[in-house]
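Peer 1:
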Amino acid sequence: MFTRILTSALFAGAAAGLIAALLQLVFVQPVLLHAELYEGGELVHFGGDSTVPAEQDLGGLSPVRDGLSIVFTMMIYSGYALILVPLMALAQERGARIGARTGLIWGLCGFIVVHFAPGFTLAPEVPGVAAADVGLRQVWWFATVLAAAVALWLVAFGRGWAAWGPAVVLLAAPHLVGAPEPEVFTGPVPTEIGALFAARAFGVGMAAWVMLGGFAGHFWARETAGRDAAAQPA
Amino acid sequence: MNVQSTTATPSRTGLLGAGIFAALIGLGMIVVTGHVQADTLHDAAHDVRHATGFPCH
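The listed protein sequences correspond, in order, to chains A and B. If you're matching positions, the first sequence starts at 0 in numbering that gives the first Met the number 0 and goes up one per residue. If you're matching positions, the second sequence starts at 0 in numbering that gives the first Met the number 0 and goes up one per residue.
1) Mind checking which residues open and close the alpha helix (DSSP H) that includes B:ASP38?
2) Using DSSP with H/G/I as helix, E/B as strand and the rest coil, what is A:PRO29?
3) For A:PHE201, tell me which candidate among A:HIS44, A:ALA166 and A:VAL27 has the shortest Cα-Cα distance.
4) Let me confirm a value: B:THR32 is counted as buried when at least 16 other C-beta atoms fall within 10 Å, else exposed. Which label applies?
5) Out of curiosity, what's the CA-to-CA distance linking A:GLY216 and A:LEU31?
6) Residues of chain B with CB closer than 7 Å to the CB of A:LEU5, please, in chain order.
7) With respect to the alpha helix (DSSP H) encompassing A:HIS174, which residues constitute its N-terminal and C-terminal limits?
8) Using only the alpha-carbon positions, how far apart do A:LEU107 and A:GLY118 sit?
9) A:TYR79: which of A:LEU211, A:ALA150 and A:PHE141 sits nearest, CA to CA?
10) Using CA coordinates, which residue listed in A:GLY58, A:VAL63, A:GLU191 and A:GLY40 is at the minimum distance from B:HIS45?
11) Using C-beta distances below 7 Å, list every residue in its chain close to A:PRO85, excluding the 5 sequence neighbours before and after it, in chain order.
12) Is A:TRP219 buried or exposed, if buried means 16 or more other CB atoms sit within 10 Å of its CB?
13) Taking 8 Å as the cut-off, does the segment 45 to 55 of chain B touch the segment 18 to 36 of chain B (at least 3 CB pairs, one atom from each stretch)?
14) Can you name, in chain order, every residue of its own chain whose Cβ lies under 6 Å from the Cβ of A:ALA8, other than the five neighbours on each side?
15) So A:ALA14 and A:THR72 are in contact, right, with Cβ under 8 Å, and what is the actual spacing, rounded?
16) For A:GLU35, count neighbouring C-beta atoms within 10 Å of its own C-beta (all shown protein chains included) and say buried if the count is 16 or more, exposed if not.
17) Please report how far the alpha carbon of A:HIS33 lies from the alpha carbon of A:ALA95, in whole angstroms.
18) A:GLY109 and A:PRO187: beta carbons closer than 7 Å?
19) Kindly say whether B:HIS49, judged by its beta-carbon, lies nearer than 7 Å to any beta-carbon of chain A.
20) For A:PRO181, count neighbouring C-beta atoms within 10 Å of its own C-beta (all shown protein chains included) and say buried if the count is 16 or more, exposed if not.
21) Helix, strand or coil for A:MET205 per DSSP?
22) Can you tell me where the alpha helix (DSSP H) holding A:VAL149 begins and where it ends?
23) From B:THR12 to A:LEU21, what distance separates their C-alpha atoms?
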């Protein structure tokens, strides 16, 4: 059983992670590099008086830096898949249909749980933004992801308001409580770059997660189809 | 041919045990790649942490 979960998860995670990494390099990395010019003080931006051109030479690909990013992205999505596939297996045991098509919905829910729910209050941070202590933000991040995961499970598999009510509370509570915020805003990066970065991070995350769900559903369905076929009398 | 003919469906405890074990490994991978603040790891995973929306710095 463990081997099947591992096989499905690693195939799905590696494939989705590779695509996620390439999308990040094309769509997110240029925005990040642009922000770093302001973070490092190479460019300075002050409200309406800025004369810094919005177009900047950001350099090309950096083999070591971008190679590490590809490896780490594949690891992160494999980690996600190792949690996603057991949850799919559990749902399948309880009668849910798991396959590539239903996997797309699982992937969309995964994006909501680990990207959109925490990002709704703790927006994806462009380098250079002011932020509260990283340890406190990580605690809030994990708590919010866990709450959103339980909430979406209740929405998907719960029956009636006895399940949906607590789901609404779990979804809203972390944002009503609020995330750790900085005491003052000191970010040197233009707001246009920060907004584009958050939008791009969400977009790439959604595309990657939908693919992760589809791949995970596909590979898990194939594993269990093999099992069921083998269990049939000849 | 897949040799899994002894059981038509895996036992629930087998699924739970394997699933929890797999999920813990997955969680460990996410924590190491996304959240541990050791300098070397942070620098190597810096761009990914930002792009994935993890708290960074």
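We treat Cβ as the ideally placed atom computed from N, Cα and C, and that holds for glycine.
Peer 2: In brief:
1) Its alpha helix (DSSP H) spans residues 38 to 51.
2) The answer is helix: DSSP assigns A:PRO29 an H, G or I state.
3) Selected option, being the one with the closest Cα: A:VAL27.
4) Buried is the call here.
5) In this structure, the straight-line span from the alpha carbon of A:GLY216 to that of A:LEU31 is close to 32 Å.
6) For A:LEU5, the neighbours in chain B by C-beta distance under 7 Å run, in chain order, ALA21.
7) A:HIS174 -> alpha helix (DSSP H) spans 160 to 176.
8) Taking the straight line from one Cα to the other gives about 15 Å.
9) Checking every option, the nearest Cα to that of A:TYR79 belongs to A:LEU211.
10) Relative to B:HIS45, the option among A:GLY58, A:VAL63, A:GLU191 and A:GLY40 whose CA is nearest is A:VAL63.
11) Around A:PRO85: ILE4.
12) When all chains shown are included, A:TRP219 counts as buried.
13) Yes: the two stretches touch, three or more of their Cβ pairs being nearer than 8 Å.
14) The residues are ALA80, LEU81 and VAL84.
15) Rounded, the Cβ-Cβ distance is 12 Å, inconsistent with contact.
16) Buried, since its Cβ has 16 or more Cβ neighbours within 10 Å.
17) Answer to the nearest angstrom: the Cα atoms are 45 Å apart.
18) For A:GLY109 and A:PRO187, no; Cβs fall outside 7 Å.
19) The C-beta of B:HIS49 comes closer than 7 Å to at least one C-beta of chain A.
20) Per the 10 Å Cβ criterion, exposed.
21) Residue state, collapsed to three classes: helix.
22) For A:VAL149, the enclosing alpha helix (DSSP H) begins and ends at 133 to 156.
23) Cα to Cα, B:THR12 sits roughly 39 Å from A:LEU21.
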